[in-house]
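52 is the number that the numbering used here gives to position 31 of the sequence shown; each next residue is one higher, with no gaps.
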Amino acid sequence: MIYVKLFLAFFIPGILGYGGGPASIPLIQNEVVDRYKWVTNQEFSEALAFGNALPGPIATKIAGYIGYEVGGVLGSIVGLFATVAPSLLLMLILLKILMKYKESPKVKRLTSYVRPTIAVLLGVMAYDFFFSSYEANGSFQTIGLAIVSFLLLEKFKVSAPYVIILALAYGAVFLR
22 MIYVKLFLAF FIPGILGYGG GPASIPLIQN EVVDRYKWVT NQEFSEALAF GNALPGPIAT
82 KIAGYIGYEV GGVLGSIVGL FATVAPSLLL MLILLKILMK YKESPKVKRL TSYVRPTIAV
142 LLGVMAYDFF FSSYEANGSF QTIGLAIVSF LLLEKFKVSA PYVIILALAY GAVFLR
């Protein structure tokens, strides 16, 4: 029964917390502190402060922490899933609608507008990553990794996840 309560404690704020994690924090606090009394107000504020210090969405970090405190590893998984489930369900519903109308001229026009925008955003992100890497690691490391990655992907047809894992391993060993 604790896992059902954990799921509801994080699922409901995920649905009602319009605006993402920061908007749902008071709703989560109400559930875990006031309603279920799993943590005290002090413990919740400490979890919130610690969660803010870490990168990533705050609601999922709090859900993982409190879920672990209440129900161990399975509780952590339930809390994390409950936090992302509203967005996941909405995305699945929207995808179903999009697939239903994918032959519509309006949908085709919409996707023709979205694709170049995404391409530009990805290009800007790659540009920023490249130059931040260049500044942090120097030209030899950055250009060398880019060339080796390109060759592995294009010439040797190595799958992208393997190239990423190799680059991470190289960085862990040589770029501390």
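Where is the CB? At the ideal position from N, CA and C, for every residue including glycine. Predicted model, so just to flag it, every value in this text is computed and none were measured.
Would you identify the three-state DSSP class for residue i, choosing helix, strand or coil?
{"i": "V145", "result": "helix"}
{"i": "V179", "result": "coil"}
{"i": "E67", "result": "helix"}
{"i": "K58", "result": "coil"}
{"i": "E15", "result": "Because residue 15 is not part of the residues shown, which for the chain are 22 to 197, the question remains open."}
{"i": "P76", "result": "coil"}
How would you call residue i, buried or exposed, if buried means at least 16 neighbouring beta carbons within 10 angstroms?
{"i": "K82", "result": "buried"}
{"i": "Q50", "result": "buried"}
{"i": "A190", "result": "exposed"}
{"i": "L172", "result": "exposed"}
{"i": "F150", "result": "exposed"}
Please tell me whether residue i and residue j are closer than 8 Å, where the distance is taken between their beta carbons.
{"i": "G92", "j": "V99", "result": "yes"}
{"i": "Y86", "j": "A68", "result": "yes"}
{"i": "G96", "j": "L27", "result": "yes"}
{"i": "P126", "j": "I36", "result": "no"}
{"i": "L101", "j": "A84", "result": "yes"}
{"i": "S170", "j": "A188", "result": "yes"}
Could you give the distance in angstroms between the alpha-carbon of residue i and the alpha-carbon of residue j?
{"i": "Q162", "j": "A70", "result": "36 Å"}
{"i": "F32", "j": "N158", "result": "42 Å"}
{"i": "I139", "j": "S133", "result": "11 Å"}
{"i": "E175", "j": "V194", "result": "25 Å"}
{"i": "V53", "j": "V105", "result": "17 Å"}
{"i": "Y24", "j": "Y57", "result": "12 Å"}
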